[in-house]
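One structure is given below, encoded as structure tokens.
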Amino acid sequence: MSKSTVVRGAFLLTGASFLSKFLGMIYVIPFNAMVGEQGGALYTYAYIPYSILITFATVGIPLAVSKFVSKYNALGDYYTGMRMFKTGMVIMAFTGIIAFLGLFFGAEFLAKRIIVDDELNNSVEDVTMVIRMVSFALIVTPSMSIFRGFFQGNQSMGPTAVSQVVEQVIRIIFLLVATFLILNVFNGSTNLAVGFATFAAFIGAIGSYLVLLLYWKKRKGHINRHIEQQRYVHDIPKKELMKELFRYAGPFVIVSAAIPIIQLVDTFTFNRGMVAIGQGEISETLLAAINFTGNKLVIIPVTIATGLSLAVMPVITSAYTQGQRQQLINQINQALQIILVLVIPASFGLSMLANEAYGSLFGMTNLDQTGALLRWNAPVGILFALLGVTASILQGINQQNYAVVNLLAGIAFKVLCNIQLIHMFGAKGSIIATAIALGITVTLNMLRIKRAIDFPFKQIIKRTMLVGIFVIIMGIVISLVKLLVGLIFPYEATRIGLIIMLLIGVTSGGFVYLWFAFKSTLLERVFGEKVRKLERVFR
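Numbers 263 to 801, taken from the numbering used here, label the letters of the sequence shown in order.
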């Protein structure tokens with residue numbers, strides 16, 4: 263597969279993921295204004311257990327199907343991929359129902375372990391209710407997600423991209439309308455409004471499912487023609503077929519659940535740590551700033567890695583299966599460099615404009631604390647991005663077991679040290695624990711990639727240093743712009759002032775970074791000659 267094809271697939275999924283995450287960030291502004299910080303924390307309590315369970319409900323099957331289909335398509339055997347798809351659908355229907363029942367009836371058990379002190383604003387009953395409301399999405403999402411995996415395995419990224427956006431749009435519309443009606447028309451409670459906000463995940467999943475069914479109806483004939491024209495079929499017994507699928511699927515479970523698992527550690531330990539140091543009254547506010555409102559901003563650069571991971575894994579699998587080492591090296595090189603070139607400046611830029619970004623979007627209440635947490639949290643997005651891409655690379659080269667072991671090493675550090683670091687550094691101790699945990703996992707992943715295929719990191723190191731120089735220049739420009747604007751008017755005093763400063767800072771910093779990256783030919787070397795079109799912009 264050519265470099266342009268990889269980039270096109272990556273950017274299609276990245277664009278969809280970015281739009282989906284951007285919408286996910288924007289809706290938080292009116293939603294947070296309606297339900298407040300207490301409601302935001304309550305929403306987080308429901309969504310993090312759901313995120314983990316949805317990963318286990320799918321048993322890693324969708325991504326495993328993507329890898330499986332890509333592998334056998336590369337061997338010219340389309341029929342075996344179709345057999346796997348049909349088998350996976352049956353499994354998804356079963357695990358979805360089991361997961362729904364487990365979360366619905368286990369909601370109170372989880373709630374009692376989240377709400378550990380009367381100082382907290384939400385009650386066990388509140389948390390139980392919202393967890394049960396979100397659990398209904400588990401009935402639909404596993405079956406829906408396997409469609410995405412099948413299309414991705416056929417290196418068709420459009421269905422996944424469109425369904426992601428449709429799912430998010432429908433979910434957000436339902437969420438905001440339901441919250442507004444409950445609070446302002448029917449005079450309902452904030453807790454009930456948050457409950458219906460979590461139920462929106464079920465409504466969005468149904469919309470996504472319908473989109474994927476339309477794509478399936480449209481493309482089924484093309485897939486069947488491939489099957490009719492193939493010359494050889496791997497006559498794999500169903501038992502062996504399932505063994506291969508679950509051998510792929512197991513590692514995907516742990517890796518796909520990495521971010522929710524890390525957040526779940528905070529869900530169960532953050533309040534305990536904050537209460538222990540006498541900050542229980544603001545614990546839920548700061549937890550929401552880290553894992554809900556602030557996370558919506560941090561995750562925006564990470565969407566680049568999300569889209570790239572989905573696009574690159576089937577391609578790497580195909581090159582690895584066919585023994586095309588040089589093509590494999592080129593694809594891994596490009597995947598890592600896209601992360602370096604785009605995510606590093608975005609994350610550090612967000613860190614420098616943390617107060618402006620948080621205050622503009624979520625209000626100025628407790629901005630000294632929430633903005634400081636975002637400043638610490640933003641660079642962690644780089645590690646999240648590298649985790650996703652390096653894990654996908656390991657899975658593509660049949661080193662998925664190492665991806666799991668490496669991730670478990672990082673999570674073990676988070677579990678063991680989270681409360682201790684909160685005792686030492688306050689709320690930001692949780693962020694420090696996450697950064698160290700991710701750093702351990704990413705380093706181990708890189709070392710395994712090097713050892714498994716003798717991957718040369720020389721080019722990656724050189725370009726990382728170049729990106730670092732450009733980011734430093736960008737940081738200097740942003741600092742000067744903030745200083746000059748501050749001399750003109752006290753922008754930090756009002757929300758409008760913060761918005762103006764944010765727009766000026768993003769525009770000036772982004773332009774300077776892109777100008778240097780373009781003039782140095784860095785962008786052209788990573789993305790190809792098409793970026794020469796940017797020359798007209800800079801002129």
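Cβ coordinates follow ideal geometry from the N, Cα and C atoms, glycine included.
Because the structure is a prediction, the values reported are computed rather than measured.
Closest Cα partner of residue i within the set the options
| i | options | result |
| --- | --- | --- |
| residue 314 | 517, 481, 442, 348 | 517 |
| residue 460 | 441, 685, 536, 783 | 441 |
| residue 348 | 500, 666, 646 | 500 |
| residue 358 | 634, 532, 400, 509 | 400 |
| residue 748 | 736, 732, 766, 733 | 766 |
| residue 680 | 476, 533, 627 | 533 |
| residue 620 | 606, 638, 603 | 638 |
| residue 436 | 419, 690, 464 | 464 |
| residue 530 | 539, 519, 540, 546 | 546 |
| residue 362 | 402, 332, 438, 655 | 402 |
| residue 550 | 451, 383, 408 | 383 |
| residue 452 | 624, 296, 541, 603 | 296 |
| residue 779 | 317, 726, 372, 346 | 726 |
| residue 703 | 645, 278, 343, 393 | 645 |
| residue 759 | 784, 585, 623 | 623 |
| residue 293 | 558, 652, 689, 388 | 558 |
Where residue i falls: helix, strand or coil (DSSP)
| i | result |
| --- | --- |
| residue 659 | coil |
| residue 493 | coil |
| residue 335 | helix |
| residue 716 | coil |
| residue 525 | helix |
| residue 686 | helix |
| residue 289 | coil |
| residue 451 | coil |
| residue 519 | coil |
| residue 625 | coil |
| residue 300 | helix |
| residue 668 | helix |
| residue 383 | coil |
| residue 734 | helix |
| residue 311 | helix |
| residue 721 | helix |
| residue 376 | helix |
| residue 499 | coil |
| residue 554 | coil |
Distance between beta carbons of residue j and residue i, contact taken as under 8 Å
| i | j | result |
| --- | --- | --- |
| residue 608 | residue 641 | No, residue 608 and residue 641 are not in contact; Cβ-Cβ is about 10 Å, not under 8 Å. |
| residue 456 | residue 304 | 5 Å |
| residue 590 | residue 616 | That pair is no contact at about 39 Å. |
| residue 775 | residue 763 | Actually they are not in contact, since the Cβ atoms of residue 775 and residue 763 sit about 18 Å apart, beyond 8 Å. |
| residue 802 | residue 707 | For residue 802 there is no data in the structure shown, the boundaries of the chain being 263 and 801. |
| residue 594 | residue 578 | 7 Å |
| residue 560 | residue 643 | 5 Å |
Where the alpha helix (DSSP H) containing residue i begins and where it ends
| i | result |
| --- | --- |
| residue 588 | 587-614 |
| residue 754 | Taken as a continuous stretch (DSSP letters only), residue 754 belongs to no alpha helix (DSSP H), as it is neither H nor E. |
| residue 632 | 629-639 |
| residue 344 | 340-367 |
| residue 783 | Looking at the DSSP string, residue 783 is not in any alpha helix (DSSP H), and its letter there is neither H nor E. |
| residue 429 | 420-442 |
| residue 541 | Counting along the chain, residue 541 falls outside any alpha helix (DSSP H), and DSSP gives it neither H nor E. |
| residue 395 | 386-397 |
| residue 415 | 403-415 |
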